[in-house]
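**Student:**
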Amino acid sequence: MSSMTTAIMDFKSTLKIVSTPRYAQHYELFWICKREEISMLPVNTNVQNSFADSYSSAQKRLTDLVKANNVPTAIVIEQAFNKNDFRKFMKWIGYSVELSKVPVIFSKRFLTPAKFMELQSLKMVDDIMDMTLNPATLLKKINFLQKVKENGINRRNHTSQRKNIIESTTYGLRGLLKRSIDILIAGTLLIMLLPLFLLIAIAIKLESRGPVMYISHRAGKGFKIFNFFKFRTMVVDADKQVVDLQNLNLYNTGEGGPNFFKIKNDPRITRLGSFLRNTSLDELPQLINVLKGDMSIVGNRPLPLYEAATLTTNEWAERFMAPAGITGLWQVNKRGKPEMSVEERINLDITYAHDKSFIKDILIIANTPSALLQKTNV
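Using the numbering used here, the letters of the sequence shown map in sequence onto residues 26 to 403.
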């Protein structure tokens, strides 16, 4: 018998049950959904799933679980979004000391684009996810969200009420100023650089087959996943060659460590792509991400999901407290030096997450042009 668990459940329609690798942590997932409509169910000796088919029944069931000292690891909602019902449920969650620490995830499955935006604007859910993700990735993400939520609550519990009010106001003003500057800079540059965008697009099309833009999923602040835009600098399907080229990885950290991938003289990069990378022109489409609010001008490196999924431990997770950025400490410190270790990169991210300020953002922006002159093939 394999260590991977399998199961067959007799629901009214086909239920996707996926076995997952074993983890030391035990997961108690509480699903608000109709069992026959659930899209994916992780099954593992360390995963226990509970169900409720409505918010009202969920409240009763969760109350019983709290009384039994069996608080779930995460609450997953997979049903049509109703604003009023959802807000009432989340307010009820907020009244519970135990449940307010539990990440709440909403499935994308039944969300129209309009409902997605409406849910996102409420800022009441910890994440909106595609529940057909790889189960192992899902559990790692839940683990991360749990740590982020606990970290935020612990910080609030160790500061005075007056200090909290001051910090909250300062953060709000600082965040508003940062966002305003992001929109101003990104909007202005997009208009000014439009002719350059067109020239680069034509050059890419002339050199190789495939799309002009490279669009991939990246993890930003709070592990929020977004579509990341760059000019394509590699051959088509370059991501599929990662496994074959793993032995050339400059950041081989061993099993269990953070997973960064970068190789010297990458054979997947086109000739034009090499020029675009060395001049950082391939990053210009990220201005679109800034305008959309996915990123900031200054922040931490927007990580591919296979890298972000390895940074969910307490040691590394703090780097996700800051937004993803076009430039940052990782850009201006040791630019062009391939010997920068994984730990150095992440520590720079954590440093920025702790010490970010308007003045430091300005200094980073001012130092970015000189950093870009240090061309590298890495």
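Ideal Cβ placement from N, Cα and C applies to all residues, glycine included. These numbers were taken from a predicted model, which means no experiment stands behind them.
At 3 residues or longer, and completely inside the stretch 345 to 380: list those beta strand (DSSP E) runs for me, N to C.
**Tutor:** Taking only runs of at least 3 residues, the beta strand (DSSP E) segments lying wholly in the stretch 345 to 380 are 350 to 352.
**Student:** With distances taken Cα to Cα, identify the nearest neighbour of Ile294 among Val323, Val122, Val260, Ile240.
**Tutor:** With distances taken between Cα atoms, Ile294 lies closest to Val260.
**Student:** Report, in whole angstroms, the separation of the C-beta atoms of Ala93 and Lys246, which I expect to be a contact under 8 Å.
**Tutor:** Ala93 to Lys246, Cβ: 35 Å. No contact.
**Student:** My understanding is that Lys255 touches Asp307, with C-beta atoms under 8 Å, so please give their C-beta distance in whole angstroms.
**Tutor:** Between Asp307 and Lys255 the Cβ distance is about 5 Å, and since that is below 8 Å, they are a contact.
**Student:** For Ala77, which residues of its own chain have a beta-carbon under 7 Å away from its beta-carbon, when the five flanking residues on both sides are left out?
**Tutor:** Cβ neighbours of Ala77 beyond the five flanking positions: Ile57, Ala83, Arg86.
**Student:** Quick check: the Cα distance between Glu368 and Ile216, rounded to an integer number of angstroms?
**Tutor:** Distance between the alpha carbons of Glu368 and Ile216 is about 38 Å.
**Student:** Please look up how many angstroms separate the CB atoms of Leu90 and Pro128, rounded, as I've assumed it's under 8 Å.
**Tutor:** Going by Cβ atoms, the distance from Leu90 to Pro128 rounds to 15 Å, so no, they are not a contact pair.
**Student:** Measuring alpha carbon to alpha carbon, tell me which of Ile225, Ser146, Asp207, Gly235 ends up nearest Ile5.
**Tutor:** The requested residue 5 is not part of the displayed model; the chain covers only 26 to 403.
**Student:** From what residue to what residue does the beta strand (DSSP E) around Glu53 run?
**Tutor:** First-last of the beta strand (DSSP E) with Glu53: 52 to 57.
**Student:** Among the candidates Val96, Ser382, Ile387, whose CA atom is the shortest distance from the CA of Leu198?
**Tutor:** Minimum Cα distance to Leu198 is reached at Ser382.
**Student:** Per DSSP, Val101 forms a beta bridge with which residues?
**Tutor:** Answer is Trp56, Ile130.
**Student:** Closest to Ser233 by C-alpha separation, out of His379, Glu123, Leu297, would be which residue?
**Tutor:** Out of His379, Glu123, Leu297, Leu297 has the C-alpha closest to the C-alpha of Ser233.
**Student:** Looking at the structure shown, is Pro220 part of a helix, part of a strand, or coil, going by DSSP?
**Tutor:** Reduced to three states, the DSSP call for Pro220 is helix.
**Student:** Under the assumption that Ile375 contacts Ile322 (Cβ atoms under 8 Å), give the Cβ distance between them as a whole number of angstroms.
**Tutor:** Not confirmed; about 20 Å, so no contact.
**Student:** Over what stretch of residues does the alpha helix (DSSP H) that includes Asn252 continue unbroken?
**Tutor:** Careful: Asn252 lies outside any alpha helix (DSSP H), inside the beta strand (DSSP E) at 250 to 256.
**Student:** Can you list, in chain order, the residues of its chain with a C-beta nearer than 8 Å to that of Leu202? Leave out the 5 residues immediately preceding and following it.
**Tutor:** Closer than 8 Å at Cβ, skipping near neighbours: Phe383.
**Student:** Quick check: Tyr130 and Met154, are their CB atoms within less than 8 Å of each other?
**Tutor:** In the sequence under discussion, the amino acid at residue 130 is Ile, which differs from the Tyr named in the question. Result yes, Cβ atoms of Ile130 and Met154 sit closer than 8 Å.
**Student:** Are Ile102 and Ser75 close, meaning C-beta to C-beta below 8 Å?
**Tutor:** No, the pair does not count as a contact, with Cβ atoms beyond the cut-off.
**Student:** May I have the straight-line CA-CA distance separating Thr213 from Trp355, to the nearest angstrom?
**Tutor:** Roughly 25 Å separates the two Cα atoms.
**Student:** Using DSSP with H/G/I as helix, E/B as strand and the rest coil, what is Asn392?
**Tutor:** Asn392: helix per DSSP, three-state reduction.
**Student:** Please say whether Phe248 and Phe114 have beta carbons closer to each other than 8 Å?
**Tutor:** No, the pair does not count as a contact, with Cβ atoms beyond the cut-off.
**Student:** Would you kindly check if the distance between the Cβ of Phe106 and the Cβ of Leu136 is under 8 Å?
**Tutor:** Yes, the pair counts as a contact, with Cβ atoms nearer than the cut-off.
**Student:** DSSP three-state label for Leu80, please.
**Tutor:** Looking at the sequence provided, one finds Tyr at residue 80 rather than Leu. In the structure shown, Tyr80 sits in a helix (DSSP, three-state: H, G or I).
**Student:** With a threshold of 16 other CB atoms inside 10 Å of the CB of Gly200, please say whether the residue is buried or exposed.
**Tutor:** Exposed, by the Cβ-count rule.
**Student:** Can you name the residues that DSSP bridges to Ile294?
**Tutor:** In the DSSP output, where bridge partners are listed per residue, Ile294 has Met259.
**Student:** Between Ile375 and chain B, is any beta-carbon pair separated by less than 8 Å?
**Tutor:** No chain B appears in the structure shown, which is made up of a single protein chain.
**Student:** On the three-state DSSP scale, how would you describe Asp207?
**Tutor:** Reduced to three states, the DSSP call for Asp207 is helix.
**Student:** In three-state DSSP terms, what is Ile384?
**Tutor:** Looking at Ile384 - three-state DSSP - the assignment turns out to be helix.
**Student:** Check the DSSP bridge columns for Leu330 and list the partner residues they point to.
**Tutor:** Paired residue(s): none; Leu330 is not in a bridge.
**Student:** When you compare each of Thr258, Ser299, Arg134, Leu209 to Gln104 by their alpha carbons, which one comes out closest?
**Tutor:** For the residues Thr258, Ser299, Arg134, Leu209, the minimum Cα distance to Gln104 belongs to Arg134.
**Student:** Would you kindly work out how many angstroms separate the C-alpha atoms of Thr98 and Ala161, rounded to a whole number?
**Tutor:** Taking the straight line from one Cα to the other gives about 15 Å.
**Student:** Leaving out the 5 sequence neighbours to the left and right, which residues in its chain are closer than 8 Å to Thr258 when beta-carbon positions are compared?
**Tutor:** Around Thr258: Tyr239, Ile294, Thr295, Leu297, Gly298, Ser299, Leu301, Arg302, Asp307.
**Student:** Compute the distance between the beta-carbons of Phe222 and Pro327, then report whether it is under 8 Å.
**Tutor:** No, the Cβ-Cβ distance between Phe222 and Pro327 is not below 8 Å.
**Student:** Tell me which residue opens and which closes the alpha helix (DSSP H) that Asp152 is part of.
**Tutor:** Not the alpha helix (DSSP H): Asp152 falls in the beta strand (DSSP E), residues 152 to 154.
**Student:** Along the chain, where does the beta strand (DSSP E) containing Met320 start, and where does it finish?
**Tutor:** That residue, Met320, is in no beta strand (DSSP E); it is neither H nor E in DSSP.
**Student:** How far does the beta strand (DSSP E) with Met238 in it extend, from its first residue to its last?
**Tutor:** Counting along the chain, the beta strand (DSSP E) containing Met238 begins and ends at 238 to 244.
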